[in-house]
Structures are given as structure tokens and as C-alpha cells.
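K.L.:
Numbering (our numbering), first residue to last: 30 to 507.
Every residue, glycine too, gets a C-beta built ideally from N, C-alpha and C.
Keep in mind the model is a prediction, meaning the values are calculated, not measured.
Please find one structure pasted underneath; my questions will follow.
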RNA sequence: AGAGAGGUGGCAGAGUGGUCGAAUGCGACGGUUUCGAAAACCGUUAUACCGGCAACGGUAUCGGGGGUUCGAAUCCCCCCUUCUCUACCA
């Protein structure tokens with residue numbers, strides 16, 4: 030499947046260049062490394078309401094080339110000018126070919142009809158005469174179609190390499206140190222000198238077992254035991270219940286996805302090497318519920334009265350984390366498999382940044398109820414994800430490690446994913462337009478668990494926040 | 001996993017090589033009629049790309065891809081998928 034481009038007909042799948050996958054680039058590690066305490070503090074409103082007009086569609090590349098180049102530069106995308114120039118060259122060629130192909134085909138179609146008429150009236154000689162011309166036309170359309178397919182393929186591959194453009198409010202910067210701290214909340218707990226990091230606490234109370242995971246699977250696949258397993262389940266239920274009362278509909282999507290879904294949300298081809306792949310059935314284990322949840326709306330024209338879409342789901346997430354190493358990935362800080370509750374919104378373009386604010390507010394309310402000190406960061410251009418236009422990271426204070434841990438990332442993708450997904454609606458006046466997609470973790474489990482254990486430890490147990498007591502069926506560990 | 005039958009426009013459902021982008025019905029939208037509504041009647045009813053300021057014109061799309069032909073919804077091949085029976089299993 031998905032092996033060949035059509036000669037004249039181009040299916041959606043082919044237009045997306047799905048067969049381009051194997052030769053694509055692979056970028057760096059999935060997760061950003063974030064040395065703690067390095068961000069500079071600034072004070073800004075949650076978001077600046079700046080009209081969005083960016084989408085990496087061909088029309089935008091053509092009409093607003095300078096803005097695109099500026100955006101790519103802010104995102105620290107090195108080969109932007111060369112790639113954009115190449116895409117525009119290919120585009121000109123593509124349009125020539127299309128026009129030439131279409132007019133030849135139009136003539137051929139007319140002749141075919143005439144031949145039909147001649148055959149019926151018994152004029153075989155007349156038909157044969159016309160066939161000479163159709164043979165010429167056929168040769169022309171075939172070669173034009175073949176070249177067209179080649180040009181489209183090259184163009185699509187280049188387009189897939191381009192990241193989304195950053196929103197105007199995104200700060201300049203190269204790395205984590207350049208992110209802006211939008212606000213901080215909660216007091217950091219003072220722990221005694223004998224306070225333990227979570228990787229010692231889980232052993233002390235025998236609630237999470239890494240060695241056992243190594244035996245069964247390998248590094249980065251811990252086994253949660255007893256109260257540890259129950260705490261996980263409690264957090265998942267708490268997060269899902271909170272999302273539901275915030276208006277999100279709960280979904281249970283598949284956790285293996287096909288190639289088209291990977292392209293739809295932008296994991297492919299960008300992060301091919303970071304996903305577990307089952308070659309036998311050509312399926313990918315999801316790195317986040319974002320992929321299946323957002324792809325529910327792939328190839329859809331959503332009735333405007335159903336907007337905004339708000340959905341949530343709990344899934345395990347799988348990340349190969351190739352190239353990841355060092356002290357800051359110890360314990361629960363980075364895993365190959367972890368659980369996460371995700372929230373997804375799909376909105377009309379004019380409402381997406383307000384929606385992003387409500388998502389961040391929702392995530393903050395979770396952290397507040399859990400009593401965890403946190404801060405909200407606005408990521409700089411160089412530290413943002415490939416597909417995002419604006420990303421807020423939320424980090425909790427891990428008291429025994431003495432560092433901030435990223436527990437959530439909430440992003441507005443504007444039309445970047447929607448363009449790939451073909452996720453649209455009928456705007457006023459009946460015009461079909463791309464929607465905006467957004468998502469956020471609410472929340473990722475392991476680092477929440479780490480912070481809960483560390484921040485709430487006493488010499489002989491861990492006192493859990495009140496909100497979890499009924500969910501857990503216990504109030505303390507140990 | 002084996003055998004069989006299917007996949008056509010928002011839905012239902014015709015169409016087995018030549019004005020078929022596709023009959024018909026339903027639904028939806030607009031209009032005539034009406035005090036208003038129903039009924040009836042008339043009209044409209046997809047997506048993408050190319051050309052054009054636009055009106056509009058062209059091309060493609062009948063699950064997906066490839067092939068045969070001057071011409072394919074219709075014939076051939078591969079794949080996906082749905083249903084039924086059998087097998088198996090949570």
C-alpha cells in the first residue's frame with residue numbers, strides 16, 4: 030500500500046508523500062534537555078492576542094515568503110532559505126506541468142467522445158484517423174504526469190521537513206536558557222538533610238521496581254507495585270475526572286497507529302527514529318495520545334456547531350529516547366513507557382489562543398490541587414517542538430532533586446497539523462477552511478509521582494495530598 | 001486463519017466499456033404558494049488541483065494503487081476494509 034503515486038489521479042495519501050518516509054531526516058532527541066534554573070524571568074500576559082495567519086501551506090509560502098523565512102529563522106531552522114527557494118522553484122514547475130497535462134487531457138477527452146460517435150455511426154476510418162492524434166496526446170499526458178508526480182514528491186518531501194512557524198509572542202532564543210518564565214506558583218517545601226530523591230524512596234517503600242522491569246523488558250520500563258500501582262491508577266482517574274468536568278469528552282483510542290496518522294500530527298517523518306515501529310504490520314506505538322486523538326478528525330470537515338472539539342484520553346506512551354543519557358534522566362525522569370492523560374482541542378482559528386489559555390489554566394488547577402509548586406514557561410523559538418506555533422511548558426519543583434521537572438507541554442499548532450490532517454470546517458460564507466489544533470498533557474504521570482514522593486516525604490512515610498485520598502483508598506505511603 | 005458476498009455523492013440505492021460527476025428516493029438549503037405552517041411545485045446540494053481580477057473554464061476523484069482501451073464506476077491484477085459462515089481466542 031501507499032507505494033506509488035498515481036499518474037494523473039493523486040489520492041490524499043499520495044499527495045501527502047507517505048512513501049517518502051524512509052529517506053527522511055531524523056532529528057534529535059524527542060525531549061528537550063532543560064538545565065534547571067537557567068531561564069530568565071520576564072512578566073508578560075498569558076498570551077498576546079496576535080492574529081494568526083501562519084500555516085505552512087503552499088499559498089503562504091508563495092505569498093508571504095519573507096514572513097516564512099523570518100519565522101523559520103526564529104525557530105533556528107538552518108536550511109530555511111534554501112528549502113523555501115527549492116520548494117517555490119518546484120512549485121512553478123509543478124504548475125506548468127499541471128496546466129500542460131490538463132489541456133492535453135482535455136483534448137484527448139473530447140476526441141474520445143468523437144471516436145465513440147464515429148464508431149456508432151460506423152465510420153471506422155474516421156475513428157482511426159482521430160486515434161493517431163490521441164496517441165500523441167497520450168504520450169504527452171503520460172510523460173507530463175510522470176514528471177508531475179516526481180516534482181510533487183520532491184516538493185512534498187521538502188514541505189515535510191519544514192517546521193511550523195512560531196507565533197509572534199514566541200521569544201527569540203536558541204535553547205532552554207532562553208525560555209521565559211511566565212509565572213511561578215506555590216512555595217518550595219523545605220526538606221530535612223536526610224531527604225531522599227524519588228529513586229531511593231521507591232525502593233524504601235517498594236512501590237516502583239526498575240530492576241524487575243529490566244528483567245521483563247529492559248531499562249526504562251518500570252514495574253509499579255502495590256501502593257505505587259494504586260497511586261498511578263488514582264492519578265489517572267483524578268486527571269480524567271477533572272478533564273471531564275472541564276468539558277472534555279473521554280476517549281479510549283488505539284495505542285498503535287498507522288503511518289498516515291503519524292504524518293497527520295507531524296511525528297512522521299520528523300521523529301521516525303523516536304517511535305517504536307512494528308515492521309510486520311507497519312504500525313507505530315504512540316509516543317503520545319495526541320496522535321490517535323487528533324487523527325480522529327483527519328480528513329473531516331467538522332460542522333461548525335460541533336466546535337470546539339474537546340477530548341481527553343489516558344494512554345500509555347512509548348518513546349525510544351535514542352541518544353538520551355546522563356544524570357538528569359535518572360529514575361522516573363525519563364522512561365520508555367509511561368502513562369499520560371492528554372487533552373486535545375480543535376477550534377476555529379480566531380479562538381485558538383483563548384483555548385490555549387484555558388488549557389494552561391486547567392493544567393495549573395491540577396497542579397494546585399496536588400499542592401505541587403510549579404512554574405509556567407513560554408518556550409523560545411529554538412526550544413519549541415517541530416509542529417508548534419506556541420508552547421507553554423509546565424514544570425513542577427522536585428524538592429529532593431532540587432530541580433524543575435517538565436510535567437506538561439501545551440501547544441497551539443494553528444493550521445500546521447490541520448493542513449496535514451485535512452481537518453477543516455465551513456467558515457462563514459461557506460468557504461472550507463483549516464481549523465486549529467491544540468493539545469496539552471494533563472498530566473504525564475512519572476514526574477508527577479516523583480515530585481509527589483519527594484515533596485511530601487517524612488522520615489517514615491509519604492503524606493499524599495487530600496484530593497487523592499479517596500482515589501487511592503489510602504492517605505499515606507509507608 | 002479458511003470460504004463466500006460486498007465497498008457508488010450527507011444517507012438509501014440504480015448503474016457491467018462511450019456526453020456517468022453519475023438515475024431515483026430521502027435529507028438539507030433557497031424560492032413559489034400561504035395569515036403562518038404542512039403539502040405541492042421549481043431550483044440548489046462534494047472535494048482537490050490548474051488557468052482567470054472575476055464570471056467562469058479545465059483536470060482528477062464511484063474503498064486505495066496499478067493495468068487493458070481512443071474511451072473504465074463498469075474488464076484484469078494487487079492491497080485495504082465491511083458483512084456472513086467456519087476455525088480460534090480475552
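Given a threshold of 16 other Cβ atoms within 10 Å of its Cβ, counted over all protein chains shown, does residue 211 qualify as buried or as exposed?
P.N.:
By one-based count along the first chain, residue 211 stands at place 182. Looking at its Cβ environment, which holds 16 or more other Cβ atoms inside 10 Å, residue 211 is buried.
K.L.:
Rounded to a whole number of angstroms, what is the C-alpha to C-alpha distance between residue 375 and residue 473?
P.N.:
As a working mapping, residue 375 is identified with position 346 in the first chain. As a working mapping, residue 473 is identified with position 444 in the first chain. Cα to Cα, residue 375 sits roughly 21 Å from residue 473.
K.L.:
Assuming residue 508 and residue 213 form a contact by the criterion Cβ under 8 Å, report the distance between their Cβ atoms to the nearest whole angstrom.
P.N.:
Nothing in the structure corresponds to residue 508, since the chain is present only between 30 and 507.
K.L.:
Ignore the nearest five residues each way along the sequence and tell me which others in residue 476's own chain have a CB closer than 8 Å to its CB.
P.N.:
Within the first chain, the letter at position 447 stands for residue 476. Same-chain partners within the cutoff: 361, 362, 425, 427, 434, 435, 436.
K.L.:
Secondary structure at residue 138, three-state DSSP: helix, strand or coil?
P.N.:
As a first step, residue 138 must be located in the first chain, where it is residue number 109. In this structure, residue 138 counts as helix in the three-state DSSP scheme.
K.L.:
Going by DSSP, name the residue or residues bridged to residue 123.
P.N.:
For the purposes of this step, residue 123 is identified with residue 94 of the first chain, where counting begins at 1. The partner list for residue 123 (beta bridge, DSSP) is empty, contrary to what the question assumes.
K.L.:
Between 108, 285, 90, which lies nearest to residue 121 when the distance is taken from Cα to Cα?
P.N.:
Residue numbering aside, residue 121 sits at position 92 when the first chain is read from its first letter. Answer by Cα proximity: 90.
K.L.:
For the alpha helix (DSSP H) holding residue 321, just list the boundary residues, first then last.
P.N.:
Position 292 of the first chain, counting from 1, holds the residue named residue 321. From DSSP, the alpha helix (DSSP H) with residue 321 extends over 319-324.
K.L.:
Of the residues 346, 481, 412, 378, which one's Cα is nearest the Cα of residue 202?
P.N.:
In the first chain, counting from the first residue as 1, residue 202 sits at position 173. For the residues 346, 481, 412, 378, the minimum Cα distance to residue 202 belongs to 412.
K.L.:
Tell me residue 26's beta-bridge partners as DSSP assigns them.
P.N.:
As displayed, the chain neither begins before 30 nor continues past 507, which places residue 26 out of reach and without an answer.
K.L.:
Could you tell me how far apart the beta carbons of residue 184 and residue 119 are, in whole angstroms, since I believe they sit closer than 8 Å?
P.N.:
Looking up residue 184 in the first chain gives position 155. Looking up residue 119 in the first chain gives position 90. Indeed they touch by this definition, with Cβ atoms about 4 Å apart.
K.L.:
Here's a check: name, in chain order, each residue in its chain whose Cβ is nearer than 6 Å to the Cβ of residue 351, leaving out the five neighbours to either side.
P.N.:
Here residue 351 corresponds to residue number 322 of the first chain, with the count starting at 1. Taken in chain order, the residues that qualify are 302.
K.L.:
Alpha carbons only, please: which of 336, 417, 410, 481 is nearest the one belonging to residue 396?
P.N.:
Here residue 396 refers to the residue found at position 367 when the first chain is read from its first residue. Here the closest residue by C-alpha is 481.
K.L.:
Going by DSSP, what residue range makes up the beta strand (DSSP E) through residue 374?
P.N.:
In the first chain, counting from the first residue as 1, residue 374 sits at position 345. Counting along the chain, the beta strand (DSSP E) containing residue 374 begins and ends at 366-376.
K.L.:
Could you check what DSSP says for residue 340 in three-state terms: helix, strand or coil?
P.N.:
Looking up residue 340 in the first chain gives position 311. Residue 340 falls in the strand class under three-state DSSP.
K.L.:
Please say whether residue 190 and residue 330 have beta carbons closer to each other than 8 Å?
P.N.:
As a working note, residue 330 is residue 301 in the first chain. As a working note, residue 190 is residue 161 in the first chain. Taking 8 Å as the Cβ cut-off, residue 330 and residue 190 do not qualify as a contacting pair.
K.L.:
How far does the beta strand (DSSP E) with residue 330 in it reach, from first residue to last?
P.N.:
The residue given as residue 330 occupies position 301 in the first chain. Unbroken beta strand (DSSP E) run through residue 330: 329-331.
K.L.:
How far does the beta strand (DSSP E) with residue 314 in it reach, from first residue to last?
P.N.:
Within the first chain, the letter at position 285 stands for residue 314. Run containing residue 314: 312-314, per the beta strand (DSSP E) assignment.
K.L.:
What is the rounded straight-line gap between the Cα of residue 80 and the Cα of residue 379?
P.N.:
For the purposes of this step, residue 80 is taken as residue 51 along the first chain, with counting starting at 1. For the purposes of this step, residue 379 is taken as residue 350 along the first chain, with counting starting at 1. Because the pLDDT at residue 80 is just 27, under 50, the model does not fix this residue reliably, and the value given afterwards should be weighed accordingly. Taking the straight line joining both Cα atoms gives about 8 Å.
K.L.:
Reducing DSSP to helix, strand and coil, say where residue 296 ends up.
P.N.:
Against the first chain, residue 296 aligns to sequence position 267. Coil.
K.L.:
If you follow the beta strand (DSSP E) that residue 480 is in, where does it begin and where does it stop?
P.N.:
To locate residue 480, count along the first chain from 1; it is residue 451. Element bounds for residue 480: not the beta strand (DSSP E) but the alpha helix (DSSP H), 474-484.
K.L.:
Mapping the DSSP letters down to three states, classify residue 199 as helix, strand or coil.
P.N.:
For the purposes of this step, residue 199 is taken as the residue at position 170 of the first chain. DSSP places residue 199 in coil when its eight states are reduced to three.
K.L.:
Could you please give the first and the last residue of the uninterrupted beta strand (DSSP E) stretch that includes residue 491?
P.N.:
Start at 1 with the first residue of the first chain, and residue 491 comes out as number 462. Segment 490-492, the beta strand (DSSP E) holding residue 491.
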